[in-house]
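S.K.:
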Amino acid sequence: MSVDVEREDLQDLLRRLADRTRVRSEATIQSDVRQILLTGGLDLAAHDLEVHLEAQVGERRRIDIEVGYTVIEVKRSLASAAVVQAAEVQLGDYVAMRIQETGQQYVGILTDGAEWRAYQLHNGVMKEVTRHVLKSGRPDLGALLAWLEGVLATRQNVPPTPSEIRDRLGADSPSHMLDFASLHLLYEEHGQLPTVQLKRQLWSQLLRSALGTQFTDDTELFLEHTLLVNSAEIIAHLVLGFDVLGLQPASLLSGEHFKRARISGVVDQDFFDWVLEIPGGDAFVRSLARRLARFDWRQVNHDVLKVLYESIIGTETRVSLGEYYTPDWLAERIVSDTVTDPLSQRVLDPSCGSGTFLFHAVRRYLTAAEQQGIPLADALEGLTGHVYGLDLHPVAVALARVTYVLAIGPERLTGNRRGIHVPVYLGDSVQWRQENVDLFTGGHLVISTTGDQLFGNELTFPEGLLDNAVRFDTLILELAALAGSPRAVGTVPSLTALFNRMAIEPEYQDAIKDSFRHLCYLHDIGRNHIWSYYVRNLARPMWLSRPQNRVDVMVGNPPWLAYRRMTKAMQERFREFCQARGLWQGGEVATHQDLSGLFVARAVQLFLGAGGKFAFVLPNAALDRGYYAGFRSGRYADPAEVTTVEFTGSWDLRRLRPHFFPRGGCVVFGRRTGPDTGATPLPVATIRWTGKLPKGSDTWDTVASALTLQPATLARYTNDLLESPYEPRFLQGATLVPRVIFMVTEQSSGPLGLPAGHAAVISERSSSEKEPWKYLPAFERVVESEFVWPVLLGDSILPFRVLPPRRAVLPLTGGQILDGDNPRIDMYPALADWWRKAEKIWKDHRSSERLTLIEQLDFRNKLTAQIPTPPLRVVYGASGMHVSAALVDDPSTICDKALYWGAVASRAEGYFLCAILNSPALTQLVRPLMSYGKDERHVDKHVWKLPIPFYESSNQVHSRLAELGHRQAALVAGLELDEGANFVALRRTVRKALAAGPEADEVEELVLGLLDQ
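Below is the structure:
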């Protein structure tokens, strides 16, 4: 039978299961469920189910279906709460029995074929974790199979592509939900144990000291980090071909097998191995390993752990930390262009994140070594002395170390080689706390351990020890292990055997003994928990910052941490550092500055040798905005060491679609110069990248053909306009509610006609009316015609086009609003009759006595502000997924509160604004600033938070946008539209026509150049 036929049969079967009107027996449903499991592409054969079908558990208990470590209970219907409750108890008994028998973690599934619920056992009670419900009619077979596979974890050799990782391991996947729920339940039950609390505390202290207020000591985040790091460490074993299902959980998280394989610096004992110290932790690690083992991690061509991180850690959390991870294809191209002699150049990524740049730098070095015929053992040894990574975030470091191993690849790691050390370290590349960048004193690395009195407060290590990273790390680990070994408090074990075994030079031994005594003391007072971790990670960044050890190339994507997201202490330090280097702008632009410029200047100062090259991904504001002028100068006058660079070029990436960062990006290139050469500012000449990125592309080869790279000239902004001067000019329309009172349609005057100057009107009703007004009878009256005003509502505005206005009865005359107490209203008897009835209805049904009807109508002067009406206005909708604006030249119309309006001096100014407001680029730029409503985004005045300048006819960009806006307005005016159709569909039609028009690309480019900071 063909695959298509089988799938159609499954689809028919699924339709039967989803049809709750059919009478079905449990046996029939069970048979159908079995068929789905066998033929749904879940890598299950008949023997996987037949052996366990109706498997017996205990006395008179039988499991309907058992698949691996999942128990499935089938019921005829889950519509009854009582049936579900009883079934959950029964399922819990099955799961508890299997856990007791096997020591493995089991999942329970309860289903009636239409609804599928997955559970985990906690304190003897089944807790639902995730569910999938089939829709009647045409149920989604693929979605059900994906859900089932995530729960069952039966597929094998899954390729670790970004889409597969997101779908099968991301935050919305059943696998992640189950694993996270397990971890959460374990922490809920055992989180108060002292060992768990200690590691949580150490984790919190480290991140708070590093990240400030943008770090929140949150249980969810601690568990997400635990899951990520545990996953990365298991993946590291899978890369080398270890059978993780047969290994002890403790060995997976301790790095024991890597030590045996003489690979250090990959898997460390850290904050996140607390799961091994609690009951049930071993079973959790085994279950996690089983899910990760589905993938063929030996076939990796990109930074897969970045995808895993972004799939689990939410966007809001990453933005708060300034984390914008670089696409693989861009990192690959940057490394290719910058690392021109990989076998000779030492490369550092000082903000390595999950290791994207490291991955491509490693691959580039090894490819060059193979081309030169260098033996594998020599190549790997050379690699670890040529490609380094640093990051301040412990989770990033854990992921980057595994990424480094993934880049080397299993074939090389299992080949003929010597011991290797993965040179990725936890380190502060800005060195916020060091007034003097040099922590080496008298030929020693000096590390403070403040607060200790007995032996002093420093750990001291001879500088010469750091030359061999593997030996230094091994020494520190051995010292920490000895300090923590069983011994009497106050005693210090002998180091003679260790010195002999590691061939430690005699001149280094006294300093090591002093530091060891201090480590023993720290252990005796309960403070030896992270010093080995801390020393090993601090030492290498300090060593790299020594002038003789600085690297030849730096690449990376530094944190784009906004000033407003820094702690107060960090803001003060940031300002000090920036002022010392000529980077501080202050004033209105202070809150718009971010860490990236200072980070590059500081990293160049600390880690890049004279003549060394750099390439960094930065916010595109670095290219042309005034508050980056100090950075672009290339001279950073730090008191300790004046640093100068020659900027050699840039890439302007803001025209690429879709955006791969929340803000537009760029790449800047340069090299460090010596004091005699001086600085060369960033040129205005750039390479502008345009094009639409293919979906799912990860390599440069798959992206290159879709991109155009052209020389361009940057327009530099000397005065940074952070918000638009148009903001106070644009006002919200009037509050014309309740609609039943104000909005009307005109009726026929009938056979007898009406007096001159009068109109017969009736309330215009709408399904969007709110209670209690929607239940009131319609107003039906005759009023003086001068009080029937044309009104523009939110749905009256299309891009560049105004639909026919509606009608409203408004007591406006001579710029004054007449209420029932105004003696002038009786000069208009029909209006007076209408208004007084309206006032009574308002008083009877209003929700609050705060406002009279006249105060409601002219709330905050939103009606009277429109009188007299300007002859030319730009009007745009207050809400919608896309901004829609048009030029209104009818001075008789009134704008409703669903619109914002502003007067313009000329049609050219109006078309200039309409071209900007209607551009897709504007919508994309303003969307992050907008707040969510129930079904749409609220535009309101957020558009004026963008730097839309006042129109100047002498400005070539302004006048060109006005001309293009005029052309686009003519294009829209020529469209044949059914103006009575739904306004959403009409807007969609207009936007489609504009996108296909000849002006679209140029408008986008001009708007982005004007606004995208």
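In terms of numbering that gives the first Met the number 0, the sequence shown is residues 0 to 1012.
Yeah, the Cβ is synthetic: ideal placement off N, Cα and C, and Gly gets one too.
Could you give the DSSP three-state label for H121: helix, strand or coil?
M.R.: Three-state result, H121: strand.
S.K.: Please give the ranges of any alpha helix (DSSP H) in the region 770 to 800, keeping only runs that are unbroken, at least 4 residues long and fully inside the region.
M.R.: Those alpha helix (DSSP H) runs which fall completely within the region 770 to 800 and span 4+ residues do not exist here.
S.K.: Starting from the C-beta of A961, find all residues in its chain whose C-beta is less than 6 angstroms away, skip the five residues before and the five after it, and write them out in chain order.
M.R.: Only A907, Y910 and F911 meet the Cβ criterion.
S.K.: Just to confirm, are L478 and L622 a CB contact at a threshold of 8 angstroms?
M.R.: No.
S.K.: Could you give the residue range of the beta strand (DSSP E) that holds Q709?
M.R.: Note, Q709: beta strand (DSSP E), L706 to T712.
S.K.: In the DSSP output, what is D390 paired with across the bridge?
M.R.: Note: D390 sits in a beta bridge opposite L425.
S.K.: Buried or exposed: where does M125 fall if 16 or more other Cβ atoms within 10 Å of its Cβ makes it buried?
M.R.: That one is buried.
S.K.: How many whole angstroms separate the CB atoms of Y387 and L347, which I take to be in contact at a CB cut-off of 8 angstroms?
M.R.: With a Cβ gap of about 5 angstroms, Y387 and L347 count as contacting.
S.K.: Residue range of the alpha helix (DSSP H) that R654 falls in?
M.R.: From DSSP, R654 is part of no alpha helix (DSSP H) but of the beta strand (DSSP E) over V641 to R656.
S.K.: How big is the Cα-Cα spacing for V265 and A249?
M.R.: Whole-angstrom Cα-Cα distance: 15 angstroms.
S.K.: Considering only residues of the same chain and omitting the five flanking positions on each side of T892, which have a CB-CB separation below 6 angstroms?
M.R.: Within the same chain, T892 has close Cβ partners P789, L791 and P804.
S.K.: Taking 8 angstroms as the limit between beta carbons, can you name the residues of its chain near I866, skipping five residues before and five after?
M.R.: The residues are L811 and G814.
S.K.: May I ask which residues mark the beginning and end of the alpha helix (DSSP H) holding I28?
M.R.: Its alpha helix (DSSP H) spans residues E25 to T38.
S.K.: Which residues in the same chain as D216 place their Cβ atom closer than 6 angstroms to its Cβ, once the five residues preceding and following it in sequence are excluded?
M.R.: Excluding positions up to five away in sequence, the list reads S203.
S.K.: Taking 6 angstroms as the limit between beta carbons, can you name the residues of its chain near T685, skipping five residues before and five after?
M.R.: So the qualifying residues of the chain are S649, D651, A711 and L713.
S.K.: Counting along the chain, where does the alpha helix (DSSP H) carrying K836 start and finish?
M.R.: P828 to H844 is the span of the alpha helix (DSSP H), which, as asked, contains K836.
S.K.: Please say whether L41 and E148 have beta carbons closer to each other than 8 angstroms?
M.R.: Yes, they are a contact pair.
S.K.: Looking at the secondary structure, which residues open and close the alpha helix (DSSP H) in which L753 lies?
M.R.: Run containing L753: none; DSSP gives neither H nor E here.
S.K.: Around the C-beta of A406, are 16 or more other C-beta atoms found within 10 angstroms, so that it is buried, or is it exposed?
M.R.: Under this definition A406 is a buried residue.
S.K.: Where does M565 fall in DSSP's three states?
M.R.: Of the three classes helix, strand and coil, the one that applies to M565 here is coil, per DSSP.
S.K.: Here's a check: name, in chain order, each residue in its chain whose Cβ is nearer than 8 angstroms to the Cβ of S230, leaving out the five neighbours to either side.
M.R.: Within the same chain, S230 has close Cβ partners L168, L287, L291 and L307.
S.K.: Identify the residues that DSSP records as bridge partners of C665: which are they?
M.R.: Paired residue(s): L617 and D651.
S.K.: Given 7 angstroms as the limit, tell me if Y899 has its C-beta closer than that to any heavy atom belonging to the ligand NAD.
M.R.: Absent from the structure shown: the ligand NAD. Ligands present: none.
S.K.: Three-state secondary structure (DSSP) at D18?
M.R.: The answer is coil: DSSP assigns D18 none of H, G, I, E or B.
S.K.: Give the DSSP-derived three-state secondary structure of D593 in the structure shown.
M.R.: In the structure shown, D593 sits in a strand (DSSP, three-state: E or B).
S.K.: Using 10 angstroms around the beta-carbon of F949, count the other beta-carbons present and answer buried if the total reaches 16, otherwise exposed.
M.R.: Counting Cβ neighbours within 10 Å, F949 comes out exposed, since fewer than 16 surround it.
S.K.: So what's T988 in DSSP terms, helix, strand or just coil?
M.R.: If DSSP states are grouped into helix, strand and coil, T988 belongs with the helices.
S.K.: Apart from the five residues on each side of it in sequence, which residues of its chain come closer than 8 angstroms, Cβ to Cβ, to I98?
M.R.: If we look at I98 and ignore the five residues flanking it on each side, its Cβ neighbours are Q104, Y105, L120 and A282.
S.K.: Count the other C-beta atoms from every protein chain shown that fall within 10 angstroms of the C-beta of N435, then say buried if there are 16 or more, exposed otherwise.
M.R.: Low per-residue confidence applies at N435: pLDDT is 43, beneath 50, and the placement is therefore not dependable, though the value from the model is reported in the following sentence. Per the 10 Å Cβ criterion, exposed.
S.K.: Is R1013 helix, strand or coil by DSSP?
M.R.: Past the boundaries of the shown model lies residue 1013; the chain is included only from 0 to 1012, so the question cannot be answered.
S.K.: Which residue comes first and which comes last in the beta strand (DSSP E) that contains Y899?
M.R.: Y899 -> beta strand (DSSP E) spans L898 to A902.
S.K.: From S514 to F179, what distance separates their C-alpha atoms?
M.R.: Near 41 angstroms, if we compare the C-alpha coordinates of F179 and S514.
S.K.: For the putative contact between R345 and H392, defined by C-beta atoms under 8 angstroms, what is the C-beta separation to the nearest angstrom?
M.R.: Contact doesn't hold; Cβ gap of about 23 angstroms is too wide.
S.K.: According to DSSP, is F241 helix, strand or coil?
M.R.: In the structure shown, F241 sits in coil (DSSP, three-state: anything other than H, G, I, E or B).
S.K.: Quick check on V1018: buried or exposed, where buried means 16 or more other Cβ atoms within 10 Å of its Cβ?
M.R.: Beyond the ends of the chain as shown, which are 0 and 1012, falls residue 1018; an answer cannot be given.
S.K.: Span of the beta strand (DSSP E) holding G141?
M.R.: Element bounds for G141: not the beta strand (DSSP E) but the alpha helix (DSSP H), L140 to L151.
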